[in-house]
Structures are given as structure tokens and as C-alpha cells.
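In mature numbering (1 follows the signal peptide of the UniProt record, and there is no 0), the protein residues as written are -23 to -1, 1 to 551.
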């Protein structure tokens, strides 16, 4: 940290019982010509008065654009600690040193330490710098100002002031600083400017003039320019343009006699900040643009793009780093892009039961709902069959999705049937309500799933418990009846409007079927096992040859387009 102090009040130092010492040895000059005194005799501790020359370094042809001296050097037999030059000029308006480079010897090389410039035109000037620990120091790269022979510096004396033992200051702010200009953590480093090791100090700070808490620091920092490890001071929610002032006091528990080098002031830079919603909804089938709106910044996106904005078509996490061109401040932001959650009603028909109050269609996403019925809830109670649709606007109001579903509402099934018995053949007639599937148990181990089955029992038949089970999506109902089917059971015409006659009966090889209607009819001849043996299609009358049939009992079933019109038992003798 480079600090230049014009003067230090010796009375202040004396008040605290400490006086700074001039430890300057005689100086050696690397010059073309030294007048008044030899080049090795500057600093005889005779300060003289302004106007007295102790060393005048001349050039062969003054004034020259180049000073007639390369350097002034001070050498000690042992290492010393010092942080100040007091330069006594012979004049206050000519042959005047106003600036230069201070170097120290590290044992093998000259090391640049600090520079000074623009010293005022006066007989005595003080140059303060971070403490140097060395046995050799020099001033080089002379800068000359004033009228007359500007290349010929004149000196009365140059004092080298020993560093005070306890002197500390804030040398830098780690954060907030470039590139992390708004980091909430205030972290600084201390500089030990004294000649003793620094073990503790008080640190105070303010923001925009408002004093904050005091931090008591302890640690160990080497003397004469040593820098501490990072010191955490506190957290603060910074704003651009905030002024941070931070300073030390009481190094090693002692008053800091040189308060001019204690303080550091830092102003938070002002730059364009990313100020956007980082949670973005991507509407189905659409494209979204993310624009940082930082116009004077270098951008680097996680997808490799370097423009101010990017176009996105898929959900994901998108990171961007932006460096402000003017300040170097870097900001990072993460954008979370999610796809619109679209409403999704069932693709298959939704079944509801009257007994249960119908069906419920439920939306599966948050948002504002609008059903085809006018309802605005996230669910819809349905009591009538039909197609229902819904539109949902997601919470940001940006995207709207829609869907529809078919709903079928059913009553519970009621089982019922009638039967017609003809010898050992029973024709069952379904009269159930709201049934969609059937199951029959004929009581002899046989079953059927037809709505209107015809069942032929094994000869000679008997009495059977017939069970009918009907089902739909809303339940099951069962009905059981007792039916007698045997050789004593008569054959009954099923349709009185169409009289059908089978004759002769019994017969051996031929029989005829006659109808009083003029309809197209079909007759099927079954044996007692239920096997179909013949089929004839006829109108009014037909003759049937059964010479190929064995003797026994047969069933003749006659149908028109509407169903069975006659079932007749036929006896065949051979």
C-alpha cells in the first residue's frame, strides 16, 4: 500500500513518549560532479538553513534534460527499519528534487519499493512509504522541477527516519471487490507498518457514514510491511455506490501514532445488474428468450453462447456469467426453465355409477380452470354421460393447455330372464336392465356368456337350478330360478302370430314344415346332444329328407328375422 504523508507532528509522537530518530548515514551519490562537498559526504547532521548547499550535483552543460545524478545511496552496517525520508533542499524554487524511485537491497538485487512525485516547492519535504527492512536503500530516477539549472539538484541534508514500533493499517479489501463486487462478506487484510511484529489491533468500519461494529483482531504479522491473512469483518447487504470506510487503531494495544495510514475507503462500483425472474415457464411447443439486459458486459452462458440473450426450446438449468466492461465486476445468475405442466385428462372413457354419485374428472396441474360446463374448480363432478373439456392457465398466466374426456354414467345392473322349455331344450330370454356382460350356469355343469342362450339338457332331462349373473362397470347382480326340462315338458309355439306345423310326427325318412305366414324362415334340426344336423331355408312350406338321420328325438327350431318363432320336438323312428 503506497501512502505519502507530507508531515508528522513530532509533538504528537512526543506526547505518547516516542520520538522518531534520524538514522541516515552519510550518503553516496553516483553523479558526474559533486560540488561544495564530496559525493560521499552528504548527511553530516548539519541541517543548515534554507539557502545553504551541502551537496550540489552539477552537469557539464546545464541546464540539461537529464539530471546529473544516477542515484543517492545510504548504507548501514546492520539491517534497519525505516519508513520516511525528510529531504532538505538548498533552494525552494530551483535545482529541486520533486520525485523519484525508492529501491532497497535484498542481499543480491535492487528491488523497486515505491515512487514519489509532485513534491511542493519548499525547502523541506517529507516522503513517507511502507516500512523497509534492509541495510541499504537508494533514491534513483530523479525528477527535477524549478527554474534555472533543473538538472543540478542541490541538497542540504536527507534524513532517514526510523519506523515506529507499532503502526498498522488496512491495506486492501478482498471482498466486496472486483470481480465479486457485491459479495456480502467484508474481508480485509492488515498491513504492519511498524518495526515490531503485529499481534492485535482494533478494526472499525462504516457504510455511508454509519458506524458498524468494532472487530478485535489477533494474529501475527511480520514487521515493516507484512500483510495479514484475510480478516472477516462482517456481512452486509451492499448496494451499488455504497462507501465503505475501514480503519485500524490500537496496534499491539498501543496508540497508533501515525493515523494517516490507518484507513482505506472503497466505493462499490455501479454497473448494470441482472434483475430478472430466474424461474421461467416454457409453454408447450414454444420458444423462450432469456435476455440479461446487461448491454455493456461480456457474457458466457453454460451452453457456450456469448451473446446478451439466448433462445431456448427445452427445459433445463441455464447459467450465465457476465463481466461488466467498465468495472470488471462479475455477476453470475442461474435460470431454471421448466416446461409448462399441461392438463391431462384420461385418454380412455371414464366410467361412473349413478349409485356412487357419478364420476369425477380431476385436473392434474395447478392453475386457473375453465370447464365446458362453466365450472372453475380443479375437479368436475359428472352425473350425465357425455364429452367434457377443460382449459387450464398455469399460475404465471403465461401458458394455457386444454384437454377433453368422454364420461359414461351407468346404473347398477338388475338380473332378470324368462325361459321357454320344449322337451329337454330350454330357450332363455334376457330381460335384465343395464347389463353389459352375462354369465349363465345351467345347473348341469354347463355355462354360457350369451345374452339369450339355448341349452339342450342330456336325455332324459330333469329339474335344474338356473343362475344368471349380469354385470356392468357399476356392479353385479345374480338371479337363480328352478326349471324343469324333460320328456314330459310340452313344446309351445313361441310366436302365436306365425303358426308353424311339423308333420308327420313321428316320421321315418321325410317330414314337412308349414307356416301360415309368408315370411322367409330358417329351420334348424338338433339332436338331443345339441348337435346341429340340418339347416333349411324356406317360405310357406318345405319338405325335409331325414333318411340319413338315426332314430331318436330331434328338436326343430324355426326362426324369422326377429328370432325364434317355433320349437318342435320331432320323433324319428327307424
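Beta carbons are placed, not taken as given, at the ideal position from N, Cα and C, and that holds for glycine.
No experiment lies behind these values; they were computed from the predicted model shown.
- Nearest in C-alpha terms to residue 248, of all of 361, 539, 274, 25, is 274.
- Straight through space, the alpha carbons of residue 306 and residue 180 are spaced by roughly 26 angstroms.
- Under DSSP, no beta-bridge partner is assigned to residue 53.
- Our two residues, residue 390 and residue 313, have alpha carbons roughly 53 angstroms apart in a direct line.
- Counting only residues of its own chain and dropping the five nearest sequence neighbours on each side, residue 24 has a CB closer than 7 angstroms to the CB of 65, 133, 134.
- In the DSSP annotation of this structure, residue 3 is not part of any beta strand (DSSP E), being labelled neither H nor E.
- For residue 224, the enclosing beta strand (DSSP E) stretches over residues 220 to 226.
- Of all C-beta pairs linking the region 491 to 500 to the region 417 to 431, fewer than three are shorter than 8 angstroms, placing the two stretches out of contact.
- Under the criterion of beta carbons closer than 8 angstroms, residue 359 and residue 335 qualify as touching, at roughly 5 angstroms.
- With 16 or more neighbouring CB atoms inside 10 Å of its own CB, residue 170 falls in the buried class.
- Taking a C-beta distance under 8 angstroms as the contact criterion, residue 482 and residue 522 do not qualify as a contact pair.
- In this structure, the straight-line span from the alpha carbon of residue 237 to that of residue 202 is close to 16 angstroms.
- About 7 angstroms separates the CB atoms of residue 112 and residue 57; that is less than 8 angstroms, so the two are in contact.
- Under a 10 Å Cβ-count criterion, residue 242 is classified as exposed, with fewer than 16 other Cβ atoms of the shown protein chains found around its own Cβ.
- Around the beta carbon of residue 551, fewer than 16 other beta carbons lie within 10 angstroms, which makes this residue exposed.
- Residue 121 is bridged by DSSP to 74.
- Unbroken beta strand (DSSP E) stretches of 3 residues or longer found wholly inside the region 177 to 220: 192 to 198, 208 to 212, given in chain order.
- With fewer than 16 other Cβ atoms inside 10 Å of its own Cβ, residue 294 counts as exposed.
- For residue 435, there is no enclosing beta strand (DSSP E), as DSSP gives it neither H nor E.
- Here residue 449 carries a strand assignment [DSSP, helix/strand/coil].
- Around the C-beta of residue 527, fewer than 16 other C-beta atoms lie within 10 Å, and the residue is accordingly described as exposed.
- According to DSSP, residue pairing for residue 105 in a beta bridge involves 61.
- An exposed status is given to residue 337, since fewer than 16 other beta-carbon atoms sit within 10 Å of its beta-carbon.
- Note that the C-beta distance between residue 412 and residue 323 is not below 8 angstroms.
- With respect to the 8 angstroms criterion, residue 250 and residue 110 are not classified as neighbours on the basis of their beta carbons.
- Between the C-alpha atoms of residue 78 and residue 146 there is a straight-line separation of about 23 angstroms.
- Judged by DSSP in its simplified three-state form, residue 429 adopts coil rather than helix or strand.
- Under the criterion of beta carbons closer than 8 angstroms, residue 408 and residue 395 qualify as touching, at roughly 6 angstroms.
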